[in-house]
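Data block below; observations after.
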Amino acid sequence: MKWGLFGGTFDPIHMGHLRCAEEVRELFHLDRVVFIPTARQPLKTDQDIAPYDHRARMVQLAIDDNPEFALSDIEQQRGGTSYSIDTVTFFLNDVPKTRELYFIVGQDAFHRIQEWKDWEELLQRCHFIVMTRPGYETVDLPSILPERTAAGYVYDDRSDEFTGPSGTSIYFRRLTFLEISSTEIRARLMKEQSIRYLVPEAVHRYIVMNGLYKTP
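Using the working numbering, you'd call the opening residue of the sequence shown number 1011 and step up by one each time.
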């Protein structure tokens, strides 16, 4: 089994998230993409976010019609700050069907990976799929990772991947990025502007029904 782990605040989830997840699933022949809403993200502690239950429910509504997509509430169950290394360890140790893990991340987040808890161990425990935008060219790993770490990776131009000493790889893949952001959606809602077609209709209805993202 090949599983993709797609973590994020998802505040709210939108069509851009879903399109990227579908393209990654297809490109890497993943059996499942697991959406993992963060309970408490260490790099966003100063930002107000919607309650976890609302964000998780919107994710479930957004993926209900795709059998290859699933929701995990592991970071809420675990409590405390949401660290990626703990989530990956859970899936490797406690989910019997898991065989290969692919951690799905945006290029901006990957450029900050050295700020993550136990990031070097994380790179050795699962593959990384870095979603890139049009116009972004893959650069040498030393521009992102310390030279001593990057030196352990070998690039294969046939498969377009960097393979590390533990056998896990880093892939940079250009996807169809829709110019949509959760920040923009929240701003539009506070201005009482339409968000139709930016989010799935079921998510739109949920936001309206629960009065989310209104001006305080």
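Note that beta-carbon positions come from the ideal geometry of N, C-alpha and C, so glycine has one too.
Item to check | GLY1090 - DSSP class collapsed to helix/strand/coil | outcome: DSSP, read as helix, strand or coil, puts GLY1090 in coil.
Next on the checklist: Going by the DSSP bridge assignment, what does TRP1013 pair with across the sheet?
Outcome noted: Per DSSP, ARG1042, LEU1111.
Checklist entry - At which residue ranges does the stretch 1129 to 1177 contain complete beta strand (DSSP E) runs of 3 or more residues, listed in the order of the chain? => result With a minimum length of 3 residues, the continuous beta strand (DSSP E) runs that stay inside the stretch 1129 to 1177 are 1137 to 1142, 1164 to 1166, 1171 to 1173.
Checklist entry - Is it the case that the Cβ atoms of LEU1132 and SER1094 are separated by a distance below 8 Å? => result With a cutoff of 8 Å on beta-carbon distance, LEU1132 and SER1094 are scored as near each other.
Item to check | alpha helix (DSSP H) segment containing PHE1120, residue limits | outcome: From DSSP, the alpha helix (DSSP H) with PHE1120 extends over 1117 to 1120.
Item to check | Closest residue to ARG1135 among PRO1175, ALA1161, MET1141 (Cα-Cα distance) | outcome: Of the residues PRO1175, ALA1161, MET1141, the one whose Cα lies closest to the Cα of ARG1135 is PRO1175.
Checklist entry - Is the Cβ-Cβ distance between SER1082 and HIS1137 less than 8 Å? => result No. Outside cutoff.
Item to check | Short Cβ contact (8 Å threshold) for ARG1029 with LEU1188 | outcome: Yes. Within cutoff.
Next on the checklist: To the nearest angstrom, how far is the alpha carbon of LEU1037 from that of ARG1183?
Outcome noted: Using only the alpha carbons, I get a separation of about 9 Å.
Item to check | Burial state of VAL1213, where buried means 16 or more other Cβ atoms lie within 10 Å | outcome: It counts as buried.
Next on the checklist: Let me check understanding here. Comparing Cα to Cα, which of PRO1047, GLN1070, ALA1072, LEU1071 lies closest to ALA1060?
Outcome noted: It is PRO1047.
Item to check | Beta-carbon proximity check, GLY1014 vs ILE1084, cutoff 8 Å | outcome: Cβ distance not < 8 Å, so GLY1014 and ILE1084 don't count as in contact.
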